[in-house]
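Everything below concerns the one structure shown next.
Protein chains in written order, with this note's numbering: chain A, 1 to 317; chain B, 1 to 239; chain C, 1 to 177.
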């Protein structure tokens with residue numbers, strides 16, 4: 001039983017990581033009905049921006065570095081949208097898919113060129129630098145050690161921090177989308193682009209807003225998880241696959257769905273792999289953990305493409 | 001007051017390789033209700049889209065709105081200048097609530113009377129108030145049409161474009177609807193350009209009318225005159 | 001100044017003929033004039049070009065977002081590699097075998113893929129392509145031994161051109177990864 005609970009906890013901890021890439025992906029899908037395959041890489045470069053500000057080139061306060069990195073990442077996202085994607089008809093998926101894949105490779109190679117492919121040593125940890133609560137995250141554990149509580153379970157403090165941060169991000173997103181004029185316009189564009197134009201919404205600006213918001217959140221997520229999954233250009237490669245599955249599972253146009261999807265994928269992965277490892281004949285499957293999200297993705301897209309919480313009209317692809 | 005609210009000259013439009021409009025000319029006077037009749041495929045929707053310069057259409061020509069040349073303006077700007085367009089099929093935001101739809105209608109407004117206007121349309125269409133927190137996509141056809149019209153009027157437009165507002169609605173509802181149009185035109189003085197296929201009712205509330213046939217104007221004149229024209233009667237009034 | 005001519009005309013055919021002829025001449029000369037390193041790179045590029053032709057067929061002509069071509073390249077390569085190293089096949093015989101294997105797997109994957117629509121198919125195939133490298137470690141059918149797991153393996157047989165071709169150099173042993 002303890003083992004099962006431990007697996008659940010591990011699954012949730014991993015799931016939080018997937019959510020941080022799934023949520024921005026869904027934001028961009030809502031705005032443009034397109035999948036941004038480069039989402040992971042854009043988040044990764046956001047984390048590197050923070051690294052540069054906090055450690056490599058300057059020695060800023062980590063919180064300040066994070067904010068700057070988010071702004072820079074948002075600007076990068078907006079630039080990509082404006083220059084490379086704006087001129088294409090959103091109903092024709094081919095150019096945009098190819099372009100986002102291209103951006104994926106370019107950003108990855110660019111990062112690899114500048115920072116090489118090895119994990120960086122001195123990774124800034126945002127959670128530790130937080131006023132008041134930072135020491136709780138730092139004091140009793142880093143991700144290398146852990147604390148076992150009375151139930152005999154191993155919970156890592158910075159995972160708790162990550163999940164907390166995720167909840168705060170979700171709340172902020174909910175506020176932005178549902179209680180501001182920009183957010184309303186965004187949801188309008190997501191719902192009916194033609195009518196948005198007829199209401200006077202400048203759709204281009206909203207798209208930029210969506211991309212900027214998504215990239216900023218993606219960068220924040222990457223900065224939070226970097227200490228855990230190491231800071232190197234390929235850090236988001238496997239995460240991307242899980243996040244695709246998470247976004248599809250939760251519903252491609254549902255932000256809450258993406259968050260839940262991330263946790264679901266994490267849980268599923270942890271529990272399934274845990275039990276498969278115990279079965280002799282199948283134990284080698286644990287060497288190919290990516291198989292699970294691929295199968296999940298196929299199953300979801302086959303039977304219920306709108307996922308759990310998405311709207312049926314997502315079918316308009 | 002016979003100032004010209006909308007003036008369209010040499011309007012051509014196409015979707016990719018397909019030419020739809022071949023030189024449309026029309027004029028709508030301020031405060032009047034003008035109807036465009038035409039069969040399927042004549043280019044009525046395209047005309048309205050071209051007037052708003054929507055990106056989906058490649059159009060060229062001169063369009064003047066309240067004296068201003070809007071031929072090259074973008075749709076957002078045109079709306080901000082006081083034009084509202086209710087597209088074919090209602091054009092509501094299905095996932096958003098009725099209330100949010102109305103709020104979006106007032107997107108270009110910067111004053112603080114928006115809530116008053118919302119209440120006003122709720123008064124005129126009580127069923128919208130009942131369903132104000134419901135997703136717009138769950139409303140019936142007639143209710144969505146009321147919502148779409150209210151949404152358009154939320155921006156307090158000078159000119160209202162309506163694309164086949166009767167499509168898919170029951171006859172009783174259509175009668176009510178057009179009665180409402182007439183009332184709004186009389187109370188607010190809102191100029192209206194209504195595109196319709198089956199047009200008895202439309203002609204009865206209009207002052208002037210045009211007939212669009214395969215991309216250009218075939219007939220034009222006062223509404224009453226067109227209504228009495230036997231050719232028009234046969235083709236469009238089901239006589 | 002742009003010069004136009006009709007697609008099926010004699011002029012077009014002449015241009016095409018000359019173009020292909022030049023290409024063949026280039027291909028024959030290049031190994032002798034460029035350093036070996038560059039030739040190897042060009043070889044790789046041409047191999048990729050063949051694979052991309054396949055991608056063009058499914059993506060360009062049919063419009064299906066089958067973006068997992070890299071997985072099929074690997075599949076074909078591993079099949080050939082394993083046949084050479086583990087079963088002692090002759091190099092040239094493995095080529096049709098590799099193609100057949102890829103064809104069968106492609107068929108298998110393609111049937112469900114038909115039901116999944118455009119963008120969703122893109123998502124699925126990208127995910128599949130990303131997951132494929134880890135599939136080389138699965139212990140069924142002796143896969144890890146055949147593929148050498150994550151590191152790949154060397155194929156230590158040289159590709160010798162058939163005797164009737166007047167070429168003397170053999171290629172270096174290739175590395176499949």
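For glycine and all other residues, C-beta sits at the position ideal for the given N, C-alpha and C.
#### Entry: Option nearest residue 101 of chain B by Cα separation, candidates B:18, B:202 and B:155
B:155
### Task
Express the C-alpha separation of residue 236 of chain A and residue 36 of chain A in angstroms, rounding to a whole number.
14 Å
### Query
Are residue 254 of chain A and residue 307 of chain A close, meaning C-beta to C-beta below 9 Å?
yes
### Task
Please list the partners that residue 293 of chain A has in chain C, where partner means a Cβ-to-Cβ separation under 9 Å.
127 and 131
### Query
Below 8 Å, can you find three or more Cβ-Cβ pairs linking the segment 189–208 of chain B to the segment 29–44 of chain B?
yes
### Query
How about residue 76 of chain B and residue 164 of chain A: are their beta carbons less than 9 Å apart?
no
### Message
Quick test of your reading: residue 121 of chain C and residue 64 of chain C, contact by CB under 8 Å. State the CB separation rounded to the nearest angstrom.
### Response
6 Å
### Query
Which residues, in chain order, does the segment 73–87 of chain B contribute to contact with chain A at a C-beta distance below 7 Å?
75, 76, 79, 80, 85 and 87
### Query
By the criterion of Cβ-Cβ separation under 9 Å, what are the contact partners of residue 322 of chain A in chain B?
Outside the shown range of chain A, which is 1 to 317, sits residue 322 of chain A, and nothing can be said about it.
### Query
Of all the alpha helix (DSSP H) runs that stay within the bounds of the segment 103–180 of chain B, which reach a length of 4 or more residues?
114–124, 126–130 and 141–153
### Query
Can you give the Cα-Cα distance for residue 9 of chain B and residue 213 of chain B, rounded to whole angstroms?
16 Å
#### Entry: Near-chain C residues of the segment 231–252 of chain A (beta-carbon distance less than 8 Å), N- to C-terminal order
237, 238, 240, 241, 244, 245 and 248
### Message
For the beta strand (DSSP E) containing residue 58 of chain B, name the first residue and the last one.
### Response
58–65
### Query
For residue 222 of chain B, which of helix, strand or coil comes out of DSSP?
strand
### Query
Quick one: does residue 304 of chain A have its CB under 9 Å from some CB of chain B?
no
### Task
Would you mind stating whether residue 86 of chain B and residue 163 of chain B have Cβ atoms separated by less than 9 Å?
yes
### Reduced DSSP secondary structure (H/G/I, E/B, other) of residue 41 of chain C
helix
### Message
Using a 10 Å radius around the Cβ and a threshold of 16 neighbouring Cβ atoms, would you call residue 190 of chain B buried or exposed?
### Response
buried
### Task
Check whether the Cβ atoms of residue 194 of chain A and residue 104 of chain A lie closer than 9 Å to each other.
no
### Query
What alpha helix (DSSP H) runs, 4 residues minimum, are completely inside the segment 155–183 of chain A?
157–179
### Task
Output yes if chain B places a C-beta closer than 9 Å to the C-beta of residue 185 of chain A; else output no.
yes
### Message
Just to confirm, is the Cβ distance from residue 209 of chain B to residue 35 of chain B under 9 Å?
### Response
yes
### Message
Here's a check: name, in chain order, each residue in its chain whose Cβ is nearer than 7 Å to the Cβ of residue 99 of chain A, leaving out the five neighbours to either side.
### Response
84 and 85
### Message
Please list, in chain order, the residues of the segment 101–115 of chain B that have any C-beta partner in chain A closer than 8 Å.
### Response
103, 104, 105, 107 and 108
### Message
Buried or exposed for residue 58 of chain A, going by 16 or more other Cβ atoms inside 10 Å?
### Response
exposed
### Query
To the nearest angstrom, how far is it from the Cα of residue 207 of chain A to the Cα of residue 115 of chain B?
28 Å
### Message
Which residue marks the beginning of the alpha helix (DSSP H) containing residue 75 of chain B, and which one marks its end?
### Response
75–80
### From A:23, A:267, A:215 and A:293, residue whose alpha carbon lies closest to that of residue 75 of chain A
A:215
### Message
Quick check on residue 165 of chain C: buried or exposed, where buried means 16 or more other Cβ atoms within 10 Å of its Cβ?
### Response
A caution first: residue 165 of chain C carries a pLDDT of 40, below 50, which makes its placement in the model too unreliable to give a value.
### Task
Could you please tell me which residues of the segment 181–214 of chain A, in chain order, have their CB closer than 7 Å to any CB of chain B?
184, 185, 187, 188, 191, 192, 194, 195, 197, 198, 199, 200, 201 and 202
### Query
What is the DSSP secondary structure of residue 273 of chain A, counted as helix, strand or coil?
helix
### Task
Please confirm whether residue 81 of chain A and residue 211 of chain A have their CB atoms less than 9 Å apart.
yes
#### Entry: Cβ pair count under 8 Å reaching 3, the segment 114–129 of chain C against the segment 295–304 of chain A
yes
#### Entry: residue 83 of chain C versus C:68, C:99 and C:70, residue with shortest Cα-Cα distance
C:99
### Task
State the DSSP-derived secondary structure class of residue 198 of chain A, mapped to helix, strand or coil.
helix
### Query
Any contact of the segment 53–70 of chain B with the segment 11–25 of chain B, i.e. 3+ C-beta pairs under 8 Å?
yes
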